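So the structure is just underneath, and the comments pick up after that.
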Amino acid sequence: MGEGADAAVAEQLRQAERRLRTYSQGAEGERLVAQALGFLERYGWVSLHDVHWPGRPKANIDHIAVGPGGVVVVDAKNWTGEVVVRDGVLRQNGYSRERETTSATTATTAVGARLAAAHRSAVHPVLCLVAQDVEPVVLGQTTVVGRSALVEHLVSLPLRLSAYEVADVARFLATDLGGPRSPEVLTSADLATQTLARAGFTVRSEPARPTGRGRTGAGRSSPAPARTRAAGQPPRRRPSARKRDQRRGRTLVGGLVRVGMVVGLLVAVPHALEWWSDHGPTVVSTFLTPSTPEPALPAPVEPGPEPTG
1 MGEGADAAVA EQLRQAERRL RTYSQGAEGE RLVAQALGFL ERYGWVSLHD
51 VHWPGRPKAN IDHIAVGPGG VVVVDAKNWT GEVVVRDGVL RQNGYSRERE
101 TTSATTATTA VGARLAAAHR SAVHPVLCLV AQDVEPVVLG QTTVVGRSAL
151 VEHLVSLPLR LSAYEVADVA RFLATDLGGP RSPEVLTSAD LATQTLARAG
201 FTVRSEPARP TGRGRTGAGR SSPAPARTRA AGQPPRRRPS ARKRDQRRGR
251 TLVGGLVRVG MVVGLLVAVP HALEWWSDHG PTVVSTFLTP STPEPALPAP
301 VEPGPEPTG
């Protein structure tokens with residue numbers, strides 16, 4: 001019994017040592033990648049380190065680089081052994097690391113969801129190998145690159161953000177992801193609501209509609225309240241089938257008329273624009289050009305007295 005307990009304690013110690021070694025190795029890899037990203041400042045890049053992963057309170061993102069080439073979410077991997085890309089799959093010592101490349105893409109999607117729609121397409125993931133010299137290779141949506149080629153890869157990205165956009169996006173992400181709490185993943189509707197609220201508009205959310213008629217409890221329906229009539233009021237008569245058909249017909253005709261008006265406008269507007277482009281300047285010049293006044297006739301000269309002599 002004592003030997004079994006000692007073996008269990010020894011195994012726990014070995015696991016703790018492995019976790020500590022892995023943590024120290026990962027922290028050293030993040031430090032080296034952060035040092036490499038520091039060289040990008042001269043090229044107009046801003047780097048953020050160890051920020052929140054939106055929607056995952058217990059997870060973090062190693063690095064985010066914001067620069068002319070866009071918003072790059074960098075996941076640092078300080079792996080040992082042989083790391084190669086074979087048959088479109090990243091492998092370490094023969095084992096697939098596809099889960100890591102997918103995780104980088106997922107983190108990038110979460111970061112992009114916090115940005116405005118105009119900047120979401122400028123966000124892309126990078127998996128940086130700290131100890132391996134690997135040229136950039138795209139696996140799915142994630143670019144795998146060695147630390148020695150990371151700076152050159154980011155500088156060579158096509159222009160996506162202006163200097164003003166870089167400053168605005170970096171400032172927003174530093175505040176949004178560097179706070180004490182992990183933010184949620186926002187939808188387009190949430191972003192629109194926040195934008196209107198920041199602009200000073202009051203946004204009212206509509207109450208949730210009930211899924212059933214008078215639904216109470218677990219899927220049971222409560223009886224609809226009975227309608228009461230005032231004393232002496234005659235009971236209401238249901239409209240006859242003929243009147244109901246007439247109402248439906250009027251509604252249908254009204255809808256068809258509105259559809260016809262919309263279609264007519266869609267057809268007429270292009271022709272009107274075409275006519276105006278051909279004859280508009282002539283019409284405008286006709287009304288704006290002043291008319292030429294008629295020349296004034298000279299006043300008649302009265303004959304003088306005839307000479308005498």
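Residue numbers for the sequence shown, in the UniProt record's numbering: 1 to 309.
Heads up, the beta-carbon is just placed ideally off N, CA and C, and yes, glycines get one too.
All figures in this text were calculated on a predicted structure; none of them were measured in a lab.
Taking the alpha carbon of A110 as the reference point, which residue from V46, V166, R56 and E30 has its own alpha carbon closest?
Position 110 of the sequence shown, counted from the first residue, corresponds to residue 110. Residue R56 is the option with its Cα nearest to A110.
Residue of A113, V137, T142 and Q132 minimising C-alpha distance to H124:
Here residue 124 refers to the residue found at position 124 when the sequence shown is read from its first residue. The shortest Cα separation from H124 among A113, V137, T142 and Q132 belongs to T142.
Excluding the five sequence neighbours on either side, which residues of its own chain have a C-beta within less than 6 Å of the C-beta of Y43, listed in chain order?
In the sequence shown, the residue the question calls residue 43 occupies position 43. Cβ within range, chain order: V155.
Could you give the DSSP three-state label for T202: helix, strand or coil?
Counting from 1 along the sequence shown, the entry for residue 202 is found at position 202. Residue state, collapsed to three classes: coil.
Candidates R114, D133 and E82: closest to E184 by CA position:
For the purposes of this step, residue 184 is identified with residue 184 of the sequence shown, where counting begins at 1. Looking only at R114, D133 and E82, the smallest Cα-Cα distance to E184 is reached by R114.
Alpha-carbon to alpha-carbon, L177 and T251
Here residue 251 corresponds to residue number 251 of the sequence shown, with the count starting at 1. Here residue 177 corresponds to residue number 177 of the sequence shown, with the count starting at 1. Going from the Cα of T251 to the Cα of L177 covers about 54 Å.
Per-residue burial, K58 [other beta carbons within 10 Å of its own, 16 or more giving buried]:
If you number the sequence shown from 1, residue 58 lands on position 58. K58 comes out exposed.
For S121, count the other beta carbons within 10 Å of its own beta carbon; 16 or more makes it buried, fewer makes it exposed. Which is it?
Residue mapping note: residue 121 aligns to position 121 of the sequence shown, counting from 1. Exposed: under 16 other Cβ atoms inside 10 Å.
For T175, the three-state DSSP class (helix, strand or coil):
Taking the first residue of the sequence shown as 1, we reach residue 175 at position 175. The answer is helix: DSSP assigns T175 an H, G or I state.
Does the count of Cβ pairs from the segment 67–86 and the segment 128–140 closer than 8 Å reach three?
yes
Mind pulling the beta strand (DSSP E) runs of 3 or more residues that sit fully within the segment 17–87?
Look at the segment 17–87 and you find these whole runs of beta strand (DSSP E), each 3 residues long or longer: 46–53, 56–67, 70–77 and 83–86.
Tell me the residue span of the beta strand (DSSP E) that contains L90.
Stepping through the sequence shown from its first residue, residue 90 is reached at position 90. From DSSP, the beta strand (DSSP E) with L90 extends over V89 to Q92.
Do H63 and L40 count as a contact pair if the criterion is CB distance below 8 Å?
To locate residue 40, count along the sequence shown from 1; it is residue 40. To locate residue 63, count along the sequence shown from 1; it is residue 63. It is not a contact, given that the beta carbons lie outside the stated cut-off.
State the Cα-Cα distance for the pair H153 and F201, rounded to the nearest angstrom.
Residue mapping note: residue 153 aligns to position 153 of the sequence shown, counting from 1. Residue mapping note: residue 201 aligns to position 201 of the sequence shown, counting from 1. Roughly 43 Å separates the two Cα atoms.
Roughly how many angstroms lie between the CA atoms of A34 and R147, to the nearest whole one?
Sequence index remark: in the sequence shown, residue 34 carries index 34 (1-based). Sequence index remark: in the sequence shown, residue 147 carries index 147 (1-based). Distance between the alpha carbons of A34 and R147: 10 Å.
At what residues does the alpha helix (DSSP H) containing residue 317 begin and finish?
No information on residue 317 is available, as it lies outside the stretch 1 to 309 that the chain covers here.
Quick one: residues in its chain with C-beta nearer than 8 Å to the C-beta of A149, no 5 flanking neighbours on either side, listed in chain order?
To locate residue 149, count along the sequence shown from 1; it is residue 149. These residues qualify, in order along the chain: D133, V134, E135 and P136.
Check S103 in the structure and name its three-state DSSP category.
Position 103 of the sequence shown holds residue 103. Under the three-state reduction of DSSP output, S103 falls in the helix class.
Residue nearest to V66 in terms of C-alpha spacing, selected from R97, W45, G179 and E82:
What you label residue 66 is simply residue 66 of the sequence shown in a count that begins at 1. Considering only alpha carbons, the answer is W45.
Opposing strand residues paired with S96 [DSSP bridges]
Locating residue 96 in the sequence shown gives position 96, where the first residue counts as 1. Residue pairing for S96: DSSP places it in a beta bridge opposite R91.
V73 beta carbon less than 8 Å from that of A104:
Within the sequence shown, numbered from 1, the residue matching residue 104 stands at position 104. Within the sequence shown, numbered from 1, the residue matching residue 73 stands at position 73. Yes, the Cβ-Cβ distance between A104 and V73 is below 8 Å.
To the nearest whole angstrom, what separates the beta carbons of V85 and E98, a pair I think is in contact under 8 Å?
Here residue 85 is taken as the residue at index 85 of the sequence shown, counted from 1. Here residue 98 is taken as the residue at index 98 of the sequence shown, counted from 1. Rounded, the Cβ-Cβ distance is 11 Å, inconsistent with contact.
Could you pull the start and end residues of the alpha helix (DSSP H) that R120 belongs to?
Taking the sequence shown and counting its residues from 1, one reaches residue 120 at position 120. Segment A117 to R120, the alpha helix (DSSP H) holding R120.
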